[in-house]
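Structure record follows, encoded as structure tokens.
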Amino acid sequence: MPFYSRLRTHPARERVAERLLALRAQLRAEIPPRRVTETLLLASWNIRDFDSNKFGHGPRLPESFYYIAEIISAFDLVAVQEVNRNLSALKEVMRILGPDWTYMVTDTTEGRAGNQERMAFVYDKSKILFRNIVGEIVIPDSEMPSGQRQFARSPFFVSFQSGWFKFSLCTVHIYYGSDSGEALEQRIAEIDQIAGFIAKRAKSEPGNFILLGDFNIVSPEHRTMQALTEHDFIIPKPLQGLPTNMFGTKHYDQIAFRVREGELELGDSPKPAGVLQLYNSVFRPEEYGAYQEFMDPKKRDISEKGETLDEKGKQKYYEGEWRTFQMSDHLPLWVELKIDFSDQYLRELAAQK
1 MPFYSRLRTH PARERVAERL LALRAQLRAE IPPRRVTETL LLASWNIRDF
51 DSNKFGHGPR LPESFYYIAE IISAFDLVAV QEVNRNLSAL KEVMRILGPD
101 WTYMVTDTTE GRAGNQERMA FVYDKSKILF RNIVGEIVIP DSEMPSGQRQ
151 FARSPFFVSF QSGWFKFSLC TVHIYYGSDS GEALEQRIAE IDQIAGFIAK
201 RAKSEPGNFI LLGDFNIVSP EHRTMQALTE HDFIIPKPLQ GLPTNMFGTK
251 HYDQIAFRVR EGELELGDSP KPAGVLQLYN SVFRPEEYGA YQEFMDPKKR
301 DISEKGETLD EKGKQKYYEG EWRTFQMSDH LPLWVELKID FSDQYLRELA
351 AQK
């Protein structure tokens, strides 16, 4: 449960408290409750430019960290992409989450394509056990296609356990580039390489492998998705076809499974997977006026072409750009998994002669 004590001195504490109440109500309505021994709530979230302000649309307001922490606290384990070299933003979220929560984070990936980004796993250590295996994945040169480079951002691999369920997570932030030409081919190659690498590992070291993160998938029918599924990764039906950008038009983020037989069971909740449309509760379109003063006038009032924006244009900037650097242009993707196999195990024992 997040800690709100510092909100007492926040100049807009009334508004922030109201938005937190709305967000908490949305989370209760849309996401199953966390159950200590029965289920695991796993999520993936690309939190945009968290938190360098290199694009000049920020910095994040103090209230944004409370909203981010509130969302993370609805899950047991969250894979986070686009964590910046400076970890102060992540550490502020961890402070709000409290002492039951911890994180693991990669080093930054150097080079222009790496964008000085890290990837992280944020989790409730009272629910999740770290199984002492962690690393960034580098494909052997002998297995790389001719001329193909290493990943723009090194995939992050960690083994965990929750209840009976032992699993290894690999989170990715696949190169984007563009939707055509050489850049698209690099994106497809990266997806193919990491999916193939994990599939090969699954054959030699049988276990439960979950590949999740920002794949920059174009659509469920596109070659970018085929590069993932052709390696026998399964995307459960409730997760299929879910757009994960804030406008509901892109399928960038995915959670895919390659597990041992009988060890992938979704929770029994009516909705065991989904996407959280967080802008239903925070930074809503009608709240532009409340945040206008925090926007850089050069960004808010003038278009990229140098044209002066009218009120409609300013509203569009708020909705399409500014607020995405407070929260994100991606939405959290989540799934509920069963972790208690006690009855199954006991039935097998009882059946033995």
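This note's numbering puts the sequence shown at residues 1 to 353.
Where a beta carbon is used, it is the ideal one built from N, C-alpha and C, also for glycine.
Residue i classed as buried or exposed, judged by whether at least 16 other C-beta atoms fall within 10 angstroms
i: L42; result: buried
i: R131; result: exposed
i: F121; result: buried
i: R60; result: buried
i: I234; result: exposed
i: S64; result: buried
i: P32; result: buried
i: G58; result: buried
i: P206; result: exposed
i: G274; result: buried
i: L21; result: exposed
i: I217; result: buried
i: T308; result: exposed
i: L346; result: exposed
i: N280; result: exposed
i: G267; result: buried
i: S162; result: buried
i: D51; result: buried
Rounded Cβ spacing between residue i and residue j (contact assumed at less than 8 Å)
i: P243; j: K250; result: 6 Å
i: I191; j: I210; result: I191 to I210, Cβ: 15 Å. No contact.
i: L276; j: L331; result: 6 Å
i: L97; j: P155; result: Rounded, the Cβ-Cβ distance is 25 Å, inconsistent with contact.
i: L349; j: D253; result: That belief does not hold up - the Cβ atoms of L349 and D253 are roughly 40 Å apart, past 8 Å.
i: N355; j: D49; result: The question about residue 355 has no answer here: the residues shown for the chain are numbered 1 through 353.
i: D76; j: I128; result: 6 Å
i: W164; j: D340; result: 6 Å
i: E82; j: E110; result: With 8 Å as the limit, E82 and E110 do not qualify as a contact, their Cβ atoms being about 16 Å apart.
i: D232; j: R258; result: 6 Å
i: S168; j: F157; result: 7 Å
i: Y67; j: V282; result: 5 Å
i: M104; j: T171; result: With a Cβ gap of about 10 Å, M104 and T171 do not count as contacting.
i: S44; j: I255; result: 6 Å
i: S328; j: N46; result: 6 Å
Span separating the alpha-carbon of residue i from that of residue j
i: M246; j: L278; result: 8 Å
i: L7; j: P62; result: 9 Å
i: T324; j: R284; result: 11 Å
i: E319; j: P99; result: 34 Å
i: I188; j: F294; result: 39 Å
i: S204; j: T106; result: 25 Å
i: K338; j: T39; result: 4 Å
i: G56; j: T37; result: 44 Å
i: Y123; j: D310; result: 44 Å
i: A74; j: Q226; result: 31 Å
i: E18; j: W322; result: 21 Å
i: V93; j: K316; result: 28 Å
i: G213; j: S88; result: 22 Å
i: F160; j: H10; result: 37 Å
i: R95; j: S180; result: 42 Å
i: A12; j: H222; result: 45 Å
i: Y288; j: R35; result: 37 Å
i: Q186; j: E263; result: 33 Å
Residues sharing a beta bridge with residue i, DSSP
i: W45; result: V80
i: G213; result: V172 and Q254
i: E304; result: Bridge partners of E304: none, in fact.
i: V335; result: L42 and A273
i: I234; result: F257
i: V158; result: V134 and L169
i: L349; result: The partner list for L349 (beta bridge, DSSP) is empty, contrary to what the question assumes.
i: N245; result: H330
i: L266; result: L337
Closer than 7 Å: residue i CB and nearest the ligand GTP heavy atom
i: S73; result: With respect to the ligand GTP, the structure shown offers nothing to examine, as it has no ligands at all.
ask   = Which runs of the alpha helix (DSSP H), 4 residues or longer, sit entirely within the stretch 91-146?
value = none
inquiry  = In chain order, what are the residue ranges of uninterrupted beta strand (DSSP E) at least 3 long that sit wholly in the stretch 1-74?
reply    = Secondary structure remark: continuous beta strand (DSSP E) runs of at least 3 residues inside the stretch 1-74, in chain order: 39-50.
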